[in-house]
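Residue numbers (the UniProt record's numbering): 1 to 241. All C-beta atoms in this analysis are idealised placements derived from N, C-alpha and C, irrespective of residue type, glycine included. Since the structure comes first, as structure tokens, the remarks are kept for the end.
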């Protein structure tokens, strides 16, 4: 396959957009990338590809925010997510892609509605809810490599501070992505094509992160976030058609 063919250019462009969004607004890299990648390379290639990029990005972000990390806070979430991630990967292999893509579309649209309207959620008193939300994130991580929505909802319901968000969720995302990558490798989902797309797109990913840091000082993050949400809504609706 030509490394400068349309498929590789399209994948790199999507990785660039996802990296920009992550760097400028804090948007999850996964949900942006997974909104568009399946339409280019299919779900079976998109999921392990984004998983590998999540390992790279989250280990860097976790190191940067390591002082705000608390193992006690995320311990239950992590255990539940690590247990259920392989289940999600099995679902990816068992469920027909057409059905899985519609599920992905529903997930993306639900997240857009939640984020756009800044929905207020009740406070959760018990930390035992972590097992339910962590388990849900693990399944979504394995199936779609989008484990953020349940964790963000849980963190909001537990009233985490912005520092707790950054320090704890990046660590959890890293561990979940690492387990998912190992499971994908065992399942044979990390193919030569996945590695080629990854290596080809890493420079673009780094450029996107760095460019986003520069643009974040010049572009109103809320405006960029709303534009990105609108794009995600269109992508989610297309997956349902």
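So the candidates are the options; which of them puts its Cα closest to the Cα of residue i?
i, options, result
"residue 241", "84, 102, 175", "102"
"residue 70", "133, 89, 160, 115", "160"
"residue 236", "105, 77, 67, 78", "105"
"residue 124", "134, 155, 112", "155"
"residue 55", "213, 41, 180, 220", "180"
"residue 238", "98, 66, 222, 22", "98"
"residue 197", "50, 28, 39", "50"
"residue 76", "153, 187, 108, 128", "128"
"residue 9", "37, 218, 60, 223", "37"
"residue 6", "212, 41, 22", "41"
"residue 24", "144, 217, 61, 93", "217"
"residue 63", "170, 89, 158", "170"
"residue 113", "153, 219, 202", "153"
Applying the 10 Å Cβ sphere with the 16-neighbour rule, what's the burial state of residue i?
i, result
"residue 227", "exposed"
"residue 57", "buried"
"residue 173", "buried"
"residue 150", "buried"
"residue 133", "buried"
"residue 121", "exposed"
"residue 221", "exposed"
"residue 48", "buried"
"residue 139", "buried"
"residue 214", "exposed"
Check the C-beta distance from residue i over to residue j and give it rounded, since I have them as a contact under 8 Å.
i, j, result
"residue 53", "residue 205", "6 Å"
"residue 141", "residue 176", "5 Å"
"residue 35", "residue 232", "5 Å"
"residue 85", "residue 183", "6 Å"
"residue 65", "residue 167", "4 Å"
"residue 143", "residue 88", "4 Å"
"residue 31", "residue 108", "7 Å"
DSSP three-state label for residue i, please.
i, result
"residue 214", "helix"
"residue 62", "helix"
"residue 117", "coil"
"residue 11", "helix"
"residue 2", "Residue confidence is low: residue 2 scores 49 on pLDDT, short of 50, so the model does not pin down where it sits. No coordinate-derived value is stated."
"residue 29", "helix"
"residue 37", "coil"
"residue 204", "helix"
"residue 232", "helix"
"residue 48", "helix"
"residue 177", "helix"
I'd like to confirm something about residue i: is its beta-carbon nearer than 7 Å to some heavy atom of the ligand PLP, or not?
i, result
"residue 148", "No copy of the ligand PLP appears in this structure; indeed no ligand is present at all."
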